[in-house]
Amino acid sequence: MQQQRSYTQTDTGTLYLVPTPIGNLEDMTFRAVNTLKSVDLIAAEDTRHTQQLLNQFDIETKQISFHEHNKETRIPELVAKLVDGVNLAQVSDAGMPSISDPGHELVLAAIAADIQVVPLPGASAGITSLIASGLAPQPFTFYGFLPRKQSEQVKALTVLQNKPETILFYEAPHRLAKTLANIQTVYGDAHEVSLARELTKKYEEFIRGTAAELALWAKENEVRGEFVVMVAGNDQVEEVAAADPLAELTPIDAVKALVASGIKTTAAVKQVSKARQLDRQTLYQEFEEQK
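When the letters of the sequence shown are read in order and numbered with this note's numbering, they come out as residues 4 to 294.
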């Protein structure tokens, strides 16, 4: 057990986790500006990008790079500085550190070294999108980025599709159409989905509708900007637990689709036979005969 009193004087430095704007510079808080001015050093995901932000607010604090590709060597260096009494602020390029951005491993290392870790509130694309999505704001699950491979993405969505809470994903524009098509396949045409893009910027946009409508929109339009994809939860959990997301397929084709998504044959047969109240052994034999 470890108990932290964030504002108790210690001999070591403090690690401040400072959110930065996700688009609109006016979302920078007074506290964030003052913290970045008062610390001894800023660990930034991209020092060139962060320098532009610092210039906007007349912040002269020195920076050190800290990102996905140098974290293994940089973390021990940063923790050593904290132990020596250096106050450090960590920022990502936009939004909250650690949320689909660098930071988590540094937090763990600081905690292990008994360093105070102080988070500042601020901009977060997921929460900002959720409250205007039209979908239930709680409970919700933030997933982050889905797997890129088709089979792995379908498998992940299949696991999530029975959950009762709203699910939040981040997605890049060049992958959005494929992801929405997979959501349509797994959740069904009529399932509610909401998109948010270019949050807090001039071209901020929300697109709300069914999975089929949004998949068609992404297919027919030029997609730009970073997206938050929000999928409505299942409000009939007990019924959905036994539901078949591939109901339009024959039992054999449903098993084939699940196997193609990366699920083992025995597990796929079990899932389909349970959803459709079929004899598992018979379905397995028929599947093997048609392979």
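The beta carbon of each residue, even a glycine, is placed where N, CA and C say it ideally should be. Fair warning: this is a prediction, and the values are worked out from it, not measured in the lab.
Whole-number beta carbon distance between F230 and P176, since they are thought to touch under 8 Å: 7 Å
Taking C-beta to C-beta, are L109 and F69 nearer than 8 Å? yes
Would you be able to state if there are at least three C-beta pairs under 8 Å between the segment 167 to 182 and the segment 205 to 215? no
Cutoff 6 Å; reference E48; Cβ partners in own chain excluding five residues on either side: H70, S95, D96, P105
Here's the rule I'm using: 16 or more other beta-carbon atoms within 10 Å means buried, otherwise exposed. How should A250 be labelled? exposed
Take the Cβ of E195 as the centre, count every other Cβ of all protein chains shown within 10 Å, and call the residue buried at 16 or more, exposed below. buried
Cα-Cα separation between S9 and F60, rounded to whole angstroms: 26 Å
So, at 6 Å on beta carbons, what are the nonlocal neighbours of M99 in its own chain, with the 5 sequence-adjacent residues on each side left out? P22, S127
Supposed close pair L44, L123 - CB separation, criterion 8 Å: Not really, about 16 Å apart at Cβ, beyond 8 Å.
Can you look up T76 in the DSSP assignment and give me helix, strand or coil? helix
Since T169 sits in a beta bridge, which residues does DSSP pair it with? F143
With DSSP as the reference, label A244 as helix, strand or coil. Here A244 scores only 43 on pLDDT, less than 50, and its place in the model is too uncertain to base an answer on.
Roughly how many angstroms separate the alpha carbons of F33 and K273, rounded to a whole number? 56 Å
Buried or exposed for V189, going by 16 or more other Cβ atoms inside 10 Å? buried
Just to check my reading of the structure: A46 and L85 have Cβ atoms closer than 8 Å, yes? What is that Cβ distance to the nearest angstrom? The Cβ separation is near 10 Å, so there is no contact.
With H, G and I counted as helix, E and B as strand and the rest as coil, what does DSSP make of V189? helix
According to DSSP, is T50 part of a helix, a strand, or is it coil? helix
Use the C-beta contact count for I186: other C-beta atoms within 10 angstroms, 16 or more gives buried, fewer gives exposed. buried
If you drop the 5 nearest sequence neighbours on each side, which residues of the same chain put their C-beta closer than 8 Å to that of V243? Caution is warranted here: a pLDDT of 41 is assigned to V243, below 50, making its placement in the model unreliable, and the coordinate value is therefore given only provisionally. Result list for V243: Q164, N165, N237, in chain order.
Distance CB(G88)-CB(G16) smaller than 8 Å: yes
Using 8 Å as the threshold, is the C-beta distance between L198 and L219 below it? no
In the DSSP assignment, what are the bridge partners of Q6? According to DSSP, Q6 bridges with nothing at all.
Return the CA-CA distance between Q156 and G265, expressed in angstroms with no decimal places. 10 Å
With DSSP collapsed to three states, give me the class of P122. strand
Got a sec, what are the start and stop residues for the beta strand (DSSP E) F230 sits in? 230 to 234
Segment limits, alpha helix (DSSP H) that includes R227: It is not in any alpha helix (DSSP H) - R227 carries neither H nor E in the DSSP assignment.
By alpha-carbon positions, which one of F148, D30, T203, K294 ends up nearest to S103? F148
Could you check the C-alpha separation between L252 and V275 for me, to the nearest Å? 11 Å
Taking only three categories from DSSP, how would you classify T17? strand
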